[in-house]
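*Asks:* Counting the sequence shown from 1 gives a position; this note's numbering is that position plus 229.
Yeah, the Cβ is synthetic: ideal placement off N, Cα and C, and Gly gets one too.
Take this structure first; my questions come after.
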Amino acid sequence: GRAADESQKDEAVAAGGLLILGTFMSESERGDMQLRGRSGRQGDVGESRFIISLEDEIMTKYEIKKLIPKRHYPTAETGRPIDDKIVLREVDRIQRIAQGDTLELRKRLLKFTMIGEKHRDAVFGRRRAFLTGESEVDIWQNEFADDYSTAAQKFGEDKVNALQKRVILQVINEYWSDYLDYTSYLRDGIHLTRIGGKNPADEYNITCEEFFSGMEEQVIDTMGERLQTLLSLDNIDDFVINTPTELWTYTLNESGEELLKKSFIETALSEEEEESYY
């Protein structure tokens, strides 16, 4: 209860308060500051200590050894904190470089994800409207009027309309799965467009838009094929709507490397140019 909480607080204060001990520097200054702010809040006693090394992952990743002049770089372990201002300045600089890379990473990922989010919103908005009845499913009536009329006379208009709603939902699912499969394949090889001097992100977005634009016509054609299948049956209940047996999820590499990769050919050409230059 409250009394127990107060007792624990008194014990913590008597012991010197909360000690935050960090053993590495993150790539975000904001993250480090938030961690430091957990101690000594609202006038409470406590302190934060961060112990980092020039051999930490972030330091080696961004090659701090190249940033610090040789005469300032520690050559032996002393067991004491480093207080060289040049070294401390470059340590802070490393974090700023890392934060800049993180920002560029987000920009790269947005170039990939925005087009997919736009298409997803369009597809699922339309699917939701069909599912809830907000939009009428009338593709068979508008695009295949004669066949629809035949089916309505054969099986009953209400049954045909109910089936059409189920069919359109399945067809939308089918083509959205194809879209995800295609864009995943596209991302794996989009870096090859750099050979022709094109921007991979731009080419990816253009190709996705072209593929998506053709989907509506394909959906209509498939709906026509499904209607022909229905007409070939004697009983509407024999119409089979295929449902997926597996769930597929497509994710984007969190580093956005698809935009940065070089093809083997491009890498080889670059190396050849460097050799001829030297």
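Does the beta-carbon distance from L302 to I326 come in below 8 Å?
*Replies:* Your numbering for residue 302 matches position 73 in the sequence shown. Your numbering for residue 326 matches position 97 in the sequence shown. Note on identity: in this sequence residue 302 is Tyr, with Leu being the wrong assignment. Not in contact: Y302 and I326 (Cβ atoms no closer than 8 Å).
*Asks:* Measuring alpha carbon to alpha carbon, tell me which of D285, E363 and K336 ends up nearest T252.
*Replies:* Here residue 252 corresponds to residue number 23 of the sequence shown, with the count starting at 1. Closest by alpha carbon: D285.
*Asks:* So what does DSSP say about E276, is it helix, strand or coil?
*Replies:* Locating residue 276 in the sequence shown gives position 47, counting from the first residue. It is a strand residue.
*Asks:* If I measure Cβ to Cβ from G329 and keep anything under 6 Å in the same chain, skipping five residues before and after, which residues do I get?
*Replies:* Counting from 1 along the sequence shown, the entry for residue 329 is found at position 100. So no residue of the chain qualifies.
*Asks:* Helix, strand or coil, according to DSSP, for G269 in the structure here?
*Replies:* For this step, residue 269 is matched to residue 40 along the sequence shown. If DSSP states are grouped into helix, strand and coil, G269 belongs with coil.
*Asks:* Just to check my reading of the structure: M254 and I287 have Cβ atoms closer than 8 Å, yes? What is that Cβ distance to the nearest angstrom?
*Replies:* On the sequence shown, residue 254 is found 25 positions in, with the first residue counted as 1. On the sequence shown, residue 287 is found 58 positions in, with the first residue counted as 1. Yes, M254 and I287 are in contact; Cβ-Cβ is about 6 Å, under 8 Å.
*Asks:* Which same chain residues, not among the five before or five after E256, have their C-beta less than 8 Å away from its C-beta?
*Replies:* Start at 1 with the first residue of the sequence shown, and residue 256 comes out as number 27. Closer than 8 Å at Cβ, skipping near neighbours: I287, Q324, A327, Q328, D330 and T331.
*Asks:* Under 8 Å between the Cβ atoms of L247 and R278?
*Replies:* Translated into positions along the sequence shown, residue 247 becomes position 18. Translated into positions along the sequence shown, residue 278 becomes position 49. Not closer than 8 Å, so no.
*Asks:* Give me the DSSP bridge partner(s) of I249.
*Replies:* If you number the sequence shown from 1, residue 249 lands on position 20. Answer is S277.
*Asks:* Classify R416 as buried or exposed, calling it buried when 16 or more other Cβ atoms lie within 10 Å of its own Cβ.
*Replies:* Mapped onto the sequence shown, residue 416 falls at position 187. Buried.
*Asks:* Could you give the residue range of the alpha helix (DSSP H) that holds F468?
*Replies:* Along the sequence shown, one-based indexing puts residue 468 at 239. First-last for F468: undefined, no H or E at that position.
*Asks:* Would you say V396 and R455 are within 8 Å of each other, going by their C-beta atoms?
*Replies:* Along the sequence shown, one-based indexing puts residue 396 at 167. Along the sequence shown, one-based indexing puts residue 455 at 226. For V396 and R455, yes; Cβs fall inside 8 Å.
*Asks:* Among L264, I281, L283 and S282, which one has its Cα closest to the Cα of G275?
*Replies:* Here the question's residue 275 lines up with position 46 in the sequence shown. Cα-wise, what sits closest to G275 is L264.
*Asks:* Can F441 and Y408 be called in contact, C-beta distance under 8 Å?
*Replies:* As a position in the sequence shown, residue 441 is number 212, starting the count at 1. As a position in the sequence shown, residue 408 is number 179, starting the count at 1. In this structure, Y408 lies closer than 8 Å to F441 by Cβ.
*Asks:* So, for L481: in the same chain, excluding its five sequence neighbours on each side, which residues have a beta-carbon less than 8 Å away from its beta-carbon?
*Replies:* Working through the sequence shown from its first residue, we reach residue 481 at position 252. Confidence at L481 is low in this model, with a pLDDT of 49, below 50, so its placement is unreliable and the value that follows should be read with caution. Answer for L481: L338, F341, T342, R416 and E487, listed in chain order.
*Asks:* At which residues does the alpha helix (DSSP H) containing V366 begin and terminate?
*Replies:* Sequence index remark: in the sequence shown, residue 366 carries index 137 (1-based). First-last for V366: undefined, no H or E at that position.
*Asks:* Within 10 angstroms of the Cβ of L262, are there 16 or more other Cβ atoms? Answer buried if so, exposed if not.
*Replies:* Locating residue 262 in the sequence shown gives position 33, where the first residue counts as 1. It is Met, not Leu, that sits at residue 262 in the sequence shown. The residue in question, M262, is exposed, as its Cβ has fewer than 16 Cβ neighbours within 10 Å.
*Asks:* Can you check which of these residues, T436, D367 and E372, is closest to L392 by C-alpha distance?
*Replies:* Position 163 of the sequence shown holds residue 392. When only C-alpha atoms are compared, the closest one is D367.
*Asks:* Would you tell me roughly how many angstroms separate the C-alpha atoms of G308 and K336, rounded to the nearest one?
*Replies:* The residue labelled residue 308 in the question sits at position 79 within the sequence shown. The residue labelled residue 336 in the question sits at position 107 within the sequence shown. Note on geometry: alpha-carbon atoms of G308 and K336 lie some 42 Å from one another.
*Asks:* Counting only C-beta atoms, is A241 closer than 8 Å to chain D at any point?
*Replies:* Absent here is chain D; the protein component of the structure consists of one chain.
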